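Student: Residue numbers (this note's numbering), protein chains in the order written: chain A, 1 to 107; chain B, 108 to 266.
Have a look at the structure that comes next, please.
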Amino acid sequence: MKIAITSTGNSPEATLDSRFGRCSYFVIYDTKTGSMEFIPNPNRSAMEGAGPASVQLVASRGVEKVISGEFGAKVKAIFDSLKIQLIIINDTEMKISRIIEMVSPKK
Amino acid sequence: MLILFVVKCSLYLYSTYALYMPRPKKLRKISNAPKFKGFRAIRLDSDKEPAPILMDYDEYEAIRLSDYVLKKQTEAARDMGISRPTFARIYESARRKLAKALSEGAPIIFQGGPVYFTSEWFLCRNCKCYFNHPDKEESSIVCPLCRSSHVRQCEQDTF
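In structure tokens:
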């Protein structure tokens, strides 16, 4: 299963980005293979429509869960229609490596 | 004087708009969208298939709430965020479309309609994260992060 996490930087030591549409990087984490892919967000400085464009980017990677600090109303509706689970973490100091540790299956 | 004139003009404009423009439709809340695109009849002969019947998501939801979940129309209407007469109209149209598809052997395609999609949200007491639950079939709800079952459903308006 693939999980998308919004990140402030392109390393596992970066913290969670509190915004979804205009986050700096998306981390696509595959729980099966343990692979991590950092995608710079092209919609970061978009004037408008950053949310739906980011949804398209994330959904095209085939993710099933998205973790971020906040989701807009438009974004929530699109994700609901795509049956993708949303997870909101209020702790923005949390590191990507810690989140990945939490979501990966326990041995 | 001029101000009065402007007010009169806008009133006139408003009244003409009110005459010719219908009230915009209220968006219907869909809490459980179908997982498939539609249905097709099993055919014996190789006849040409009739044109597909387009069923809106709100019609699908009306049928599901009334005849599958067996809710009363008032409750179902509240669930979809619309009035009971509106619900009845949607339900009527949905039943007609279903009957037409069944008797003509036409395929049904789910699409569009004045709708928006929502799902239920939960709060994990263990790691304090919020998450939603798009897949209703799964009965036991656990936190996707810490796998704790200490979760509490929260109101839609908290976000």
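Glycine is no exception: its CB is placed at the ideal position from the N, C-alpha and C atoms.
Note that the structure is a prediction, hence the values are computed from the model and not measured.
If contact means a Cβ-Cβ distance below 7 angstroms, which residues of the stretch 194–225 of chain B contact chain A?
Tutor: Here the close residues are TYR223, PHE224, THR225.
Student: Can you grab the Cα-Cα spacing for the pair GLY51(A) / VAL75(A), in whole Å?
Tutor: The residue labelled residue 51(A) in the question sits at position 51 within the first sequence. The residue labelled residue 75(A) in the question sits at position 75 within the first sequence. The straight-line gap from Cα to Cα measures roughly 6 angstroms.
Student: Determine the direct distance from the alpha carbon of GLN260(B) to that of LEU230(B), and round the result to whole angstroms.
Tutor: For the purposes of this step, residue 230(B) is identified with residue 123 of the second sequence, where counting begins at 1. For the purposes of this step, residue 260(B) is identified with residue 153 of the second sequence, where counting begins at 1. C-alpha separation (whole angstroms): 6 angstroms.
Student: Under 8 angstroms, do SER238(B) and GLN85(A) count as touching if we go by C-beta distance?
Tutor: Here residue 238(B) is taken as the residue at index 131 of the second sequence, counted from 1. Here residue 85(A) is taken as the residue at index 85 of the first sequence, counted from 1. According to the sequence displayed, residue 238(B) carries Phe and not Ser. Going by C-beta atoms, PHE238(B) is nearer than 8 angstroms to GLN85(A).
Student: Using a Cβ cut-off of 8 angstroms (strictly closer), state whether LEU252(B) contacts chain A.
Tutor: Locating residue 252(B) in the second sequence gives position 145, where the first residue counts as 1. Cβ-Cβ to chain A under 8 angstroms: yes for LEU252(B).
Student: Name, going along the chain, the residues of the stretch 53–69 of chain A whose beta-carbon falls closer than 7 angstroms to a beta-carbon of chain B.
Tutor: The residues in question are LYS65.
Student: Nearest CA to the CA of ALA46(A): which residue from GLY21(A), ILE39(A), LYS32(A), ILE3(A)?
Tutor: As a working mapping, residue 46(A) is identified with position 46 in the first sequence. Per the Cα distances, GLY21(A).
Student: Residues of chain B with CB closer than 9 angstroms to the CB of GLU89(A), please, in chain order.
Tutor: For this step, residue 89(A) is matched to residue 89 along the first sequence. It is worth fixing the name first, because residue 89(A) is Ile in this sequence and not Glu. Here the neighbours are CYS234, LYS235, CYS236, TYR237, LEU252.
Student: LEU252(B) and VAL103(A) - do their beta-carbons sit closer together than 8 angstroms?
Tutor: In the first sequence, counting from the first residue as 1, residue 103(A) sits at position 103. In the second sequence, counting from the first residue as 1, residue 252(B) sits at position 145. Going by C-beta atoms, VAL103(A) is nearer than 8 angstroms to LEU252(B).
Student: If you measure between the beta carbons of HIS240(B) and ILE248(B), is that distance less than 8 angstroms?
Tutor: Counted from its first residue, the second sequence places residue 240(B) at position 133. Counted from its first residue, the second sequence places residue 248(B) at position 141. Contact: yes.
Student: Please identify the residue among ASN139(B), ARG147(B), LYS136(B), TYR127(B) whose C-alpha is closest to the C-alpha of LEU209(B).
Tutor: Your numbering for residue 209(B) matches position 102 in the second sequence. For the residues ASN139(B), ARG147(B), LYS136(B), TYR127(B), the minimum Cα distance to LEU209(B) belongs to ARG147(B).
Student: Measuring only between beta-carbons, confirm whether GLN158(B) sits less than 8 angstroms from chain A.
Tutor: On the second sequence, position 51 is the one that residue 158(B) refers to. The amino acid at residue 158(B) is misidentified as Gln; the sequence shows Ala. No, ALA158(B) does not count as interfacial toward chain A.
Student: Could you tell me which whole beta strand (DSSP E) segments of length 3 or greater appear in the stretch 63–106 of chain A?
Tutor: Complete beta strand (DSSP E) runs here, min 3: 65–68, 85–89.
Student: Give a yes or no on whether the C-beta atoms belonging to ILE67(A) and ILE3(A) are separated by under 8 angstroms.
Tutor: Start at 1 with the first residue of the first sequence, and residue 67(A) comes out as number 67. Start at 1 with the first residue of the first sequence, and residue 3(A) comes out as number 3. Going by C-beta atoms, ILE67(A) is nearer than 8 angstroms to ILE3(A).
Student: Terminal residues of the continuous beta strand (DSSP E) containing MET47(A)?
Tutor: Sequence index remark: in the first sequence, residue 47(A) carries index 47 (1-based). That residue, MET47(A), is in no beta strand (DSSP E); it is neither H nor E in DSSP.
Student: What are the boundary residues of the beta strand (DSSP E) that includes LEU161(B)?
Tutor: In the second sequence, residue 161(B) corresponds to position 54, counting from 1. Start and end: 160–162.
Student: Measuring only between beta-carbons, confirm whether ALA169(B) sits less than 8 angstroms from chain A.
Tutor: As a working note, residue 169(B) is residue 62 in the second sequence. Chain A, which has no Cβ nearer than 8 angstroms to the Cβ of ALA169(B), makes this no.
Student: Is there a Cβ of chain B sitting closer than 8 angstroms to that of ASP80(A), yes or no?
Tutor: For the purposes of this step, residue 80(A) is identified with residue 80 of the first sequence, where counting begins at 1. Chain B contact via Cβ: present.
Student: Closest Cβ-Cβ distance between GLN183(B) and chain A: below 8 angstroms?
Tutor: Working through the second sequence from its first residue, we reach residue 183(B) at position 76. Sequence inspection shows Ala at residue 183(B); the Gln mentioned does not correspond to that position. No, because no Cβ of chain A sits closer than 8 angstroms to the Cβ of ALA183(B).
Student: Could you tell me whether the Cβ of LEU16(A) comes closer than 8 angstroms to any Cβ of chain B?
Tutor: Counting from one through the first sequence, the residue named residue 16(A) turns up at place 16. Taking Cβ atoms only, chain B never reaches closer than 8 angstroms to LEU16(A), which makes this a no.
Student: Do we get a CB-CB distance below 8 angstroms when we pair ALA140(B) with the residues of chain A?
Tutor: Counting from one through the second sequence, the residue named residue 140(B) turns up at place 33. Chain A, which has a Cβ nearer than 8 angstroms to the Cβ of ALA140(B), makes this yes.
Student: Tell me whether GLU37(A) sits in a helix, a strand or coil according to DSSP, three-state version.
Tutor: Locating residue 37(A) in the first sequence gives position 37, counting from the first residue. Of the three classes helix, strand and coil, the one that applies to GLU37(A) here is strand, per DSSP.
Student: Can you name the residues that DSSP bridges to PHE194(B)?
Tutor: For the purposes of this step, residue 194(B) is taken as the residue at position 87 of the second sequence. None, per the DSSP bridge assignment.
Student: Give me the residue from SER138(B), ILE160(B), GLU227(B) with the minimum Cα distance to MET187(B).
Tutor: Within the second sequence, numbered from 1, the residue matching residue 187(B) stands at position 80. The shortest Cα separation from MET187(B) among SER138(B), ILE160(B), GLU227(B) belongs to SER138(B).
Student: Quick one: is LEU16(A) buried, meaning 16 or more other Cβ sit within 10 Å of its Cβ, or exposed?
Tutor: Mapped onto the first sequence, residue 16(A) falls at position 16. It is buried - the Cβ of LEU16(A) has at least 16 other Cβ atoms within 10 Å.
Student: Using a Cβ cut-off of 8 angstroms, pull out every chain B residue sitting near VAL103(A), in sequence order please.
Tutor: On the first sequence, residue 103(A) is found 103 positions in, with the first residue counted as 1. The answer, in chain order, is PRO251, LEU252.
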